[in-house]
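In what follows, a structure is listed as structure tokens, so that the remarks can point back to it.
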Amino acid sequence: MLEQDLIAGIKNGDQIAFRFLVDQYQAMVLNTCFHFVHDEDDAKDLTQDTFIEVYNSIHTFRSDSKLSTWLYRVAVNKSLNFIKRNKRKRLVDNMESYFRSSKSNEISNESSNADKGIDDSERSTHLYKAIDSLNQNQRIAFSLHNLDGISYSEIAEIMNVSLSSVESLIHRAKVNLQKQLLNFYKNNLE
Amino acid sequence: MICKEVHKKMNSYLNQELVEKQLQAFELHLKDCASCRHILGEVKSTMSLLDHTKILSADPYLFTRIQAQIENKNNEIRWDWKKVLQPIAITMIMGIGLFSGISLGSKYYNDSFQLNAEESIIESQDEDLYMNVLAYESIESFLLTEN
Chain A
1 MLEQDLIAGI
11 KNGDQIAFRF
21 LVDQYQAMVL
31 NTCFHFVHDE
41 DDAKDLTQDT
51 FIEVYNSIHT
61 FRSDSKLSTW
71 LYRVAVNKSL
81 NFIKRNKRKR
91 LVDNMESYFR
101 SSKSNEISNE
111 SSNADKGIDD
121 SERSTHLYKA
131 IDSLNQNQRI
141 AFSLHNLDGI
151 SYSEIAEIMN
161 VSLSSVESLI
171 HRAKVNLQKQ
181 LLNFYKNNLE
Chain B
1 MICKEVHKKM
11 NSYLNQELVE
21 KQLQAFELHL
31 KDCASCRHIL
41 GEVKSTMSLL
51 DHTKILSADP
61 YLFTRIQAQI
71 ENKNNEIRWD
81 WKKVLQPIAI
91 TMIMGIGLFS
101 GISLGSKYYN
111 DSFQLNAEES
121 IIESQDEDLY
131 MNVLAYESIE
141 SFLLTEN
């Protein structure tokens, strides 16, 4: 189905067209949301909300950009709003996990060097925390490029910024991420 | 190069920004320092996870859930309209009832007021008539002039 036909179909309330859109793009939306919120259930809820929003506001879509770009934009906005809403809750959770991790670090520091080994699930927790601490624009650009594999030019369209801005945002995000991780491992492994 | 310097330059090393001389000194230190090697290894391992991110697979029931939620939201909207319109309708009916009650009441009051006024006029006329009747009544003059 052509994109234009798909949009026209959804605008006319065609359920088959809407189903096609959901089937076609749900994995993309789901993973984008997941890379922002890092929780599978939350990502599923956000995916649902994204498609409902798309269904309700398809008449405002003027086809200036690709449908996928618009979908990414809606999914990113939904995810960022979700993060803002849960900021307080997340802060408490982060504090709890921080205290848990410092406690476990204390324990591991007491044990032998062999116990200092970190598994990949722990590493990914540290990585996600470091990504979460980036500023909003760096985080969007970095997540979309490094986790979703979206090209610089499409990110520029999604974020409505220039290509050079995207390059700069991603570079700075990578540097900041490495700094965060270096500091973390320096303090916890030494 | 000491550990502190190596830590400072780790970022540049990872981004391949060190000049030849610095790179040699950095790598020389790494050969002898297990702690710095460990830190660098962990950062590299963590960053490499970006290439193997978890990919969630599509949910076959997502469309059904979306459809159900859209329907629910539409019902909620309808219900909300009912919720808004119901008190308005009740208020309007009560207002109409109150207005018609007042207007009927005031009409009855006016009618009964007019009726009462007419009755009182008739009554006063009747009273006058009786008074007049008395006035015309003959008084026995001998009784008055008895003395």
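Chains A and B supply the protein sequences, listed in that same order.
Reminder that position 178 of the first sequence reads as 178 in our numbering, one-by-one numbering, no gaps.
Reminder that position 59 of the second sequence reads as 59 in our numbering, one-by-one numbering, no gaps.
For glycine and all other residues, C-beta sits at the position ideal for the given N, C-alpha and C.
Pop quiz: A:Ile83 and A:Val37 are said to be a contact at Cβ under 8 Å. What is the actual Cβ separation, rounded to whole angstroms?
About 7 Å; that satisfies the 8 Å criterion.
Can you have a look at B:Glu27 and say buried or exposed, based on whether 16 or more other CB atoms are within 10 angstroms of its CB?
It counts as exposed.
Residue range of the alpha helix (DSSP H) that includes A:Ser164:
Counting along the chain, the alpha helix (DSSP H) containing A:Ser164 begins and ends at 163-189.
Anyone know if the C-beta pair for A:Ser143 and A:His35 falls short of 8 Å?
Closer than 8 Å, so yes.
Status (buried if at least 16 other CB within 10 Å, exposed otherwise) for B:Ile2:
B:Ile2 is exposed by the Cβ-count criterion.
Taking the alpha helix (DSSP H) that B:Met1 falls in, what are its first and last residues?
Per DSSP, B:Met1 lies in no alpha helix (DSSP H) and is assigned neither H nor E.
Taking the alpha-carbon positions, what's the A:Arg19 to A:Glu3 distance?
Whole-angstrom Cα-Cα distance: 13 Å.
Among the candidates A:Thr47, A:Asp5, A:Asn12, A:Ser151, whose CA atom is the shortest distance from the CA of A:His215?
Residue 215 of chain A lies beyond the residue range present for chain A, which begins at 1 and ends at 190; the question has no answer from this structure.
Considering only C-alpha positions, which residue in the set A:Tyr128, A:Met28, A:Trp70 is nearest to A:Ile7?
Nearest to A:Ile7 by alpha-carbon distance, out of A:Tyr128, A:Met28, A:Trp70, is A:Trp70.
Between B:Ile2 and chain A, is there a C-beta pair that is closer than 8 Å?
False, the Cβ-Cβ gap to chain A never drops below 8 Å.
Using Cβ-Cβ distances below 7 Å, what residues of the segment 124-151 of chain A are close to chain B?
Answer set for the segment 124-151 of chain A: Ser124, His126, Leu127, Asn146, Leu147.
Within chain A, the residues that B:Gln69 reaches when beta carbons sit closer than 7 Å:
Within 7 Å Cβ-Cβ: Gln48, Ile52.
Taking only beta-carbon atoms, is A:Arg172 less than 8 Å away from chain B?
Under the Cβ distance rule, A:Arg172 does not count among the residues neighbouring chain B, no pair being separated by less than 8 Å.
Find the residues of chain B that neighbour A:Asp23, judging by a C-beta separation of less than 8 Å, and give them in chain order.
By Cβ distance, chain B contributes Ala58, Phe63.
Tell me whether A:Ser63, by its Cβ, gets closer than 7 Å to a heavy atom of the ligand ADP.
In the structure on display, the ligand ADP does not appear, and there are no ligands present to speak of.
On the three-state DSSP scale, how would you describe A:Phe61?
In the structure shown, A:Phe61 sits in coil (DSSP, three-state: anything other than H, G, I, E or B).
Nonlocal neighbours in the same chain, by C-beta distance under 6 Å from A:Leu147, ignoring five residues either side:
Result list for A:Leu147: His35, in chain order.
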